[in-house]
Amino acid sequence: MLIGIDVGGTTTDAVLIRNGEVYSTAKVSTEHGNLLNSLLEALDAISRDVDPEQLERIVFSTTVITNLIAEGKTDRVALVLIPGPGVNPASYTFPDSFYLKGAMDYRGREIDPLDEAEIRKTVRLIQEYGFSRAAIISKFGQRNPSHELRIEEIFREVYPGCKLELGHKVSGKLNFPRRIATAMLASATREHYQEFVEKIRQALEERNIRAPVYIMKADGGTLPVEKSIECPVETIFSGPAASTIGALALTPEGQTSVVVDIGGTTTDLALILSGKPLLASKGAKLGDFLTHVRAFAVRSIAIGGDSVVRVKDSDTDAKLITVGPDRAGPAYCMGGKETTPTDALKFLGLIEVGNPKRASEAIKITASELGKSETETASLIVEKVSRMIADAVNEMFLEWEQEPAYRVWEVLQEKKARPENVFGIGGGAKGLIAEIAKKLGAKPVIPEYAEVGNAIGAAVARPTLTLNLHIDTEQKIYSVAEEGEIVSLNTTNIGNLNKIHLDEAENLATKLMRARARDFGIAEYAGEAEIVDSEVFNVVNGWYTSGRLFDVNMQIPAGLIPEWKRREKA
Amino acid sequence: MKLGLGKLRDVLKTGSGASPEEEKKKQAEGKDKAEKEEILKIENEEIKPETSEVNKMELKKTGLEPKEGPLSPADRTGVEKTGLIFFPAFDWAISPTHPEREERLLYTRDQIFEEGLMDLPEIAEYKPRLAEYRDIARVHFCVPDVKAQATTPHLIAAGSCLVLGDALMKAEVKNAFALIRPPGHHSMTVAHGNRGFCNINNEAILVEYLRKKYGIRKIAIVDTDVHHGDGTQEIFYNDPDVLFISFHQDGRTLYPGTGFINELGGPKALGRTINIPLPPGTPDEGILYVLDSLVLPILKDFKPELVLNSAGQDNHYTDPLANMRFSAQGYAKLNEKLSPDMAVLEGGYAIQSALPYVNTGIILAMAGLDYSCVREPDFKPGMFVQGAKDRKTLEEIVAAQLENWKNRDRLVEAEVAKHGDFYRRKKQIFYDTDMIQEFQEETIRMCPDCQGYKTIDSHAHRGVDDTRIFGVSIPIYACENCQAEAREEYRKRLIHPEYEYVYLQDKKQDEYRTYNIRTKRETVY
Ligand SMILES: [Zn+2]
Ligand SMILES: [Zn+2]
Ligand SMILES: [Zn+2]
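Sequence lines, in order, name chains F and E. Sequential numbering of the first sequence, starting at 14, is according to this note's numbering. Sequential numbering of the second sequence, starting at -12, is according to this note's numbering.
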């Protein structure tokens, strides 16, 4: 049996899956200052009549990291930065930064050496200021981490108690400012997150639950909870990711769908293209900071069931309806003060919840301002809201089509897709999905269990894993971005380094991926690994090729565990 | 249930220390936007059926507009962003060890991505597209046809310029940088093959596209590549509305061996071509001197509607193909002072030691950001000083060209008086990459009402192959007499067996034809 739990902003949802089918669901309200309680309450509700021995897997998604950052409960981190030449670091907006001399270039060759005296002085200063943790990030540190490593050594010597985070271990991707932000957030949240995980472990022990526990990541994958301590920030935005995987689980295989999650204040959109959830081309934005955290492309628009409906004068004297972007409490028919889309839906009989008399009252007021009949007014509101959401969906597809391309074949490969299904979840979905789907020329889908689609997503999501291999045959080294180690090519069984072919580079990547999956305790999914892209460049000195650069990017993409597929076959 | 990203964001926003005033402002902006959208939507709904969404999107995507008269350029005051297309063509090379090969912009990619430049709010990154064949035919007589000269990478490089040109004209961006390859400034009107790594001329294609689509006329092109921009010069040599300024290493010491100060333009466009041959070894100081004392004053005087920069990066002190002493700081400063509406990458082959730093500097300068920390690993301020002798040479060139500029109208008058109805000149052109020798006779109609149409009789030898073509070109702002006469010229040649192909380039009518004499088949682009 599988359990999925999504600790959301207002409710915590849980499902129990048995023989590939939803067996039971539970919903408890989320207790704000204590997410752990909510999680356990939902867990107890869903597993009440279950023998703990029968549980095979528990997956949860949580906002714990997001909340920590939002509530400013993170720890202060001293940022030790080695920016080298380029953008003036004075333009960065990171707090608590200490800049050091030294520089690497794009191939990891040292441009400027470190200044050891300066480092020692800085470390002592960091200690004096009372920082208990520091993140050390150098520009192109992923191409050569020796500066970061040397500074780590000096820290160990001068200020041994300081907890350290190294940029190249956090992400191997290009983008120094994003690496700074990601390292900073990882360091700032790790201990609180660790405490949270420890409490979960204890709670499960008390309940005699020995099933493996996983946590959802922003890219829709699951990660063994012990492993997640290494990369706490990857668990941000796991709620929308869970919803998207839920949609994937509840729609036919291989189709293109847009997932529309209509809440009170906002509507979230995610895309599934030919059965594959779309990842954001760059990492997620967390607060004010752009990060390297791999996440689904999610677009949030400020419109929801509780958005305020207003009547405005236009230039041409005609009266117009506006919706949102603000919310002033619940809908009128739910005891609020303002007319909202929910009132319009209730008035038109498209939803069950809410007081019908109050809905009529609300629409009557708006209708008299607008100078139209009540039915007409309610329809206009629904029309308006669905139009805004449909426009946002179109914009999202357009944005995907317009993503930059750096290769001839990428420009030639005409990206084009429109949704076949509009998959509705969330409180406001019911009345609106049909209208939105009509505007998009797609089929509206509100599946059974849509209200716990997020928890289903958590329950049936499979692990994801990435591996970016960089090989420089001139320098005879390779590195795996995710692991931050620079390894000599002589340790591989590649014979002639000067004649490495792309398929040999890809073989090496595949081998490393298998080891990495084993390391993450997800060896059984190694077979799902695929090569996302690979490229090879000659290094030419004068008119001769003196080496080659390879980049091979692999992933175990987001998807569903086979247990769930079993149900489809049945 | 609902875990709204929007909610998270809201919480995060307040958590991140935004002041209540800022919050209010953001909300108010949001409201305004929502209201504007409302008005827009209602109008749309009345006029257009449901499917118009898709069409609109299609048009937005390709940059194409519904067919109608020329649009007018939008007002760019207050626009903040710099448009950028980075198209390194990682899967294209002339040959594996040719300087124009796959990884030319690889280290530039590494540097600008690592710097996070694409994340800057001042930068808007655009996606390249393919230029259409007619965009190429508007500028070139491609032998035998457009397809043969403009392969896919060429179409994408040119198309990238057009995407940014549109963004500029629609005021989505304040300026733009096409960081693209392959380059184009050595390509001339007739394209028999590859010259100086170029097949088609990206800037010229952009100029004619913008003129046709947005009705603009006066354009200045400043070529800062170390090589003389002979292709661009040739294409606009007789066009008084295009000011072409090129500075480059002295043609006596570097390919293509042209670009001397006496090359001033055709009879009716004298003084609208300004060449500044620089002594080898000229450092930042010298180039900035030329810019300040010659280029900027002339530009100010000419008052172009648009300034384009053929931004080659081979003046760099480490470039393997030339001998200049320009630095990344110098390039950034040059760009800041010139402040072009659009820069287009041309040459630059120090792919490790120069390009990553030069491009970072140019992007920051265009975006109005601080580039003071951009420098090459081995650069020391003051490492290159201008010699006194070279300084004097530069002063003389500047003085001579200022004089030419001042007297340009008189020069035109005197020159036009020397010719009758037609002005003819013979030329020899060598295509280094493809080893083609071309002989041309160019004829310009000396029209009192316009710049006159042009015909080119071109004979190319490549090994034992011989090709002869005839092309007729009608400028976009030609008079009707010239247009009629030129079209007749085209028609008359169609029965001449000495030519293999005959071309009509009617920019006024936006009509482009190629006639194959042997197959008697006409292609219309
Ligand atoms: Zn030049
Ligand atoms: Zn050049
Ligand atoms: Zn005329």
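Glycine is no exception: its CB is placed at the ideal position from the N, C-alpha and C atoms.
Discussion item. Let's see if you can read the secondary structure: which residues bound the beta strand (DSSP E) around E/D493?
Written reply: Working through the second sequence from its first residue, we reach residue 493 of chain E at position 506. Residues Y488 to D493.
Worksheet item: Given a threshold of 16 other Cβ atoms within 10 Å of its Cβ, counted over all protein chains shown, does E/V372 qualify as buried or as exposed?
Response: For the purposes of this step, residue 372 of chain E is taken as residue 385 along the second sequence, with counting starting at 1. E/V372 is exposed by the Cβ-count criterion.
Discussion item. Taking the alpha carbon of E/D210 as the reference point, which residue from E/H173, E/I72, E/N310 and E/C469 has its own alpha carbon closest?
Written reply: Position 223 of the second sequence holds residue 210 of chain E. Closest by alpha carbon: E/H173.
Worksheet item: Is E/K114 near F/Q415, with beta carbons less than 7 Å apart?
Response: Position 127 of the second sequence, counted from the first residue, corresponds to residue 114 of chain E. Position 402 of the first sequence, counted from the first residue, corresponds to residue 415 of chain F. Yes, these two residues count as a Cβ contact at 7 Å.
Worksheet item: Going by other Cβ atoms of all chains shown within 10 Å of its Cβ, with 16 needed for buried, is F/W422 buried or exposed?
Response: Numbered from its first residue, the first sequence carries residue 422 of chain F at position 409. F/W422 sits exposed, since fewer than 16 C-beta atoms from the chains shown fall within 10 Å of its C-beta.
Worksheet item: Under the three-state reduction of DSSP, which class applies to F/H483: helix, strand or coil?
Response: Walking along the first sequence from the start, residue 483 of chain F turns up at place 470. In the structure shown, F/H483 sits in a strand (DSSP, three-state: E or B).
Worksheet entry | Reference E/A330, options E/D497, E/E195 and E/M353, closest by Cα | Residue mapping note: residue 330 of chain E aligns to position 343 of the second sequence, counting from 1. Relative to the Cα of E/A330, the nearest Cα in the group E/D497, E/E195 and E/M353 belongs to E/M353.
Worksheet entry | Residue(s) in a DSSP beta bridge with F/A116 | On the first sequence, residue 116 of chain F is found 103 positions in, with the first residue counted as 1. Partner(s): F/D125.
Discussion item. Report the start-end ranges of each alpha helix (DSSP H) in the stretch 302 to 358 of chain E that is 4 residues or longer and not cut off at the edges.
Written reply: Taken in chain order, the unbroken stretches of alpha helix (DSSP H) that lie wholly in the stretch 302 to 358 of chain E and span 4 residues or more are 315 to 325 and 342 to 353.
Item to complete: Quick one: residues with CB closer than 6 Å to any heavy atom of ligand 2, in chain order, please.
Response: Counting only residues whose CB is nearer than 6 Å to a non-hydrogen atom of ligand 2, the list in chain order is E/D212, E/V213, E/H214, E/G299, E/D301, E/E333 and E/G334.
Worksheet item: Do you know how far the Cα of E/T84 is from the Cα of E/G103?
Response: Indexing the second sequence from 1 puts residue 103 of chain E at position 116. Indexing the second sequence from 1 puts residue 84 of chain E at position 97. Cα atoms of E/G103 and E/T84: separation of roughly 30 Å, rounded to the nearest angstrom.
Worksheet item: Of all residues in the structure, which have a C-beta closer than 6 Å to any heavy atom of ligand 3, taken in chain order?
Response: Near ligand 3, residues with a Cβ at less than 6 Å from any of the ligand's heavy atoms are E/C434, E/D436, E/C437, E/G439, E/A465, E/C466, E/N468 and E/C469; the list follows chain order.
Practice prompt. Pull up the distance between the alpha-carbon of F/L299 and that of E/F128, whole angstroms please.
Written response: What you label residue 299 of chain F is simply residue 286 of the first sequence in a count that begins at 1. What you label residue 128 of chain E is simply residue 141 of the second sequence in a count that begins at 1. Looking at the two C-alpha atoms, the distance is approximately 53 Å.
Practice prompt. Have a look at F/T505, F/V246 and F/A331 and flag the residue whose alpha-carbon is nearest the alpha-carbon of F/R203.
Written response: Taking the first sequence and counting its residues from 1, the one referred to as residue 203 of chain F is at position 190. Per the Cα distances, F/V246.
Worksheet item: Comparing alpha-carbon positions, which option in F/D330, F/L502 and F/R475 lies nearest F/A539?
Response: Taking the first sequence and counting its residues from 1, the one referred to as residue 539 of chain F is at position 526. For F/A539, the nearest C-alpha among the options comes from F/R475.
Discussion item. So the candidates are F/E34, F/N566, F/T75 and F/S60; which of them puts its Cα closest to the Cα of F/E44?
Written reply: By 1-based counting over the first sequence, the position of residue 44 of chain F is 31. Distances from the CA of F/E44 to each of F/E34, F/N566, F/T75 and F/S60 were compared; the closest alpha carbon is that of F/T75.
Worksheet item: Using a C-beta to C-beta distance shorter than 8 Å, which residues of chain F count as neighbours of E/K121?
Response: In the second sequence, counting from the first residue as 1, residue 121 of chain E sits at position 134. In the sequence under discussion, the amino acid at residue 121 of chain E is Arg, which differs from the Lys named in the question. Neighbours of E/R121 in chain F, taken as residues whose beta carbon is under 8 Å from its own, are absent, since the nearest beta carbon is some 19 Å off.
Worksheet item: Between E/I263 and E/V385, what straight-line distance do the alpha-carbon atoms span, to the nearest angstrom?
Response: Position 276 of the second sequence, counting from 1, holds the residue named residue 263 of chain E. Position 398 of the second sequence, counting from 1, holds the residue named residue 385 of chain E. The alpha-carbon atoms of E/I263 and E/V385 are separated by roughly 8 Å.
Worksheet entry | Own chain, CB closer than 8 Å to F/L453, minus 5 neighbours either side, in chain order | Residue 453 of chain F sits at position 440 when you count from the first residue of the first sequence. Contacts found: V271, A403, V406, N407, R431, P432 and V435.
Worksheet entry | Amino acids of chain E, ordered along the chain, whose beta-carbon sits closer than 9 Å to that of F/N368 | Mapped onto the first sequence, residue 368 of chain F falls at position 355. Within chain E, no residue has its beta carbon less than 9 Å from that of F/N368; the closest one is some 21 Å off.
Discussion item. Taking CB distances under 7 Å as the criterion, tell me whether F/Y592 reaches chain E.
Written reply: Given a span of 14 to 583 for chain F in the structure shown, any question on residue 592 of chain F remains unanswerable.
Worksheet item: Is it the case that the Cβ atoms of E/Q438 and E/K255 are separated by a distance below 7 Å?
Response: For the purposes of this step, residue 438 of chain E is identified with residue 451 of the second sequence, where counting begins at 1. For the purposes of this step, residue 255 of chain E is identified with residue 268 of the second sequence, where counting begins at 1. In contact: E/Q438 and E/K255 (Cβ atoms closer than 7 Å).
Discussion item. Tell me the DSSP secondary structure of F/V63 in three-state form.
Written reply: Residue numbering aside, residue 63 of chain F sits at position 50 when the first sequence is read from its first letter. Coil.
Fill in: Beta-carbon gap between E/N503 and E/Y490 smaller than 7 Å
As a first step, residue 503 of chain E must be located in the second sequence, where it is residue number 516. As a first step, residue 490 of chain E must be located in the second sequence, where it is residue number 503. Going by C-beta atoms, E/N503 is not nearer than 7 Å to E/Y490.
Worksheet item: Would a C-beta distance cut-off of 7 Å place F/V77 and F/F209 closer than the cut-off?
Response: Here residue 77 of chain F corresponds to residue number 64 of the first sequence, with the count starting at 1. Here residue 209 of chain F corresponds to residue number 196 of the first sequence, with the count starting at 1. Contact flag set, yes.
Worksheet item: Considering E/K134, what are the terminal residues of the alpha helix (DSSP H) in which it resides?
Response: Numbered from its first residue, the second sequence carries residue 134 of chain E at position 147. Per DSSP, the continuous alpha helix (DSSP H) segment holding E/K134 begins and ends at V133 to Q136.
Discussion item. Please confirm whether E/A207 has its beta-carbon closer than 7 Å to some beta-carbon of chain F.
Written reply: For the purposes of this step, residue 207 of chain E is identified with residue 220 of the second sequence, where counting begins at 1. No, no contact with chain F.
Discussion item. Taking 8 Å as the limit between beta carbons, can you name the residues of its chain near E/D97, skipping five residues before and five after?
Written reply: Residue numbering aside, residue 97 of chain E sits at position 110 when the second sequence is read from its first letter. Cβ neighbours of E/D97 beyond the five flanking positions: P343.
Discussion item. Give me, in chain order, the residues of the same chain whose beta-carbon lies closer than 6 Å to that of E/H235; leave out the 5 immediate sequence neighbours on both sides.
Written reply: Residue 235 of chain E sits at position 248 when you count from the first residue of the second sequence. Taking C-beta separations shorter than 6 Å and ignoring five residues to either side along the sequence, the partners of E/H235 in its chain run V213, H214, H215 and G246, following chain order.
Discussion item. Can you tell me where the beta strand (DSSP E) holding F/G560 begins and where it ends?
Written reply: In the first sequence, counting from the first residue as 1, residue 560 of chain F sits at position 547. Residues Y557 to I569.
Worksheet item: Ends of the alpha helix (DSSP H) at E/V229?
Response: Walking along the second sequence from the start, residue 229 of chain E turns up at place 242. Unbroken run through E/V229 is the beta strand (DSSP E), V229 to Q236; no alpha helix (DSSP H).
Discussion item. According to DSSP, E/Y410 sits in a beta bridge with which residue or residues?
Written reply: Within the second sequence, residue 410 of chain E is the residue found at index 423, counting from 1. E/I431.
Worksheet item: For F/Q568, is the classification buried or exposed, using 16 other Cβ atoms within 10 angstroms of its Cβ as the cut-off for buried?
Response: For the purposes of this step, residue 568 of chain F is taken as residue 555 along the first sequence, with counting starting at 1. So F/Q568 counts as buried.
Worksheet item: Which word fits E/V511, buried or exposed, when buried means at least 16 other C-beta atoms lie within 10 angstroms of its C-beta?
Response: Within the second sequence, residue 511 of chain E is the residue found at index 524, counting from 1. It counts as exposed.
Practice prompt. Starting from the Cα of E/S359, find the closest Cα among F/K359, F/A442, F/K332 and F/A103 and give me that residue.
Written response: What you label residue 359 of chain E is simply residue 372 of the second sequence in a count that begins at 1. That would be F/A103, whose Cα lies nearest to the Cα of E/S359.
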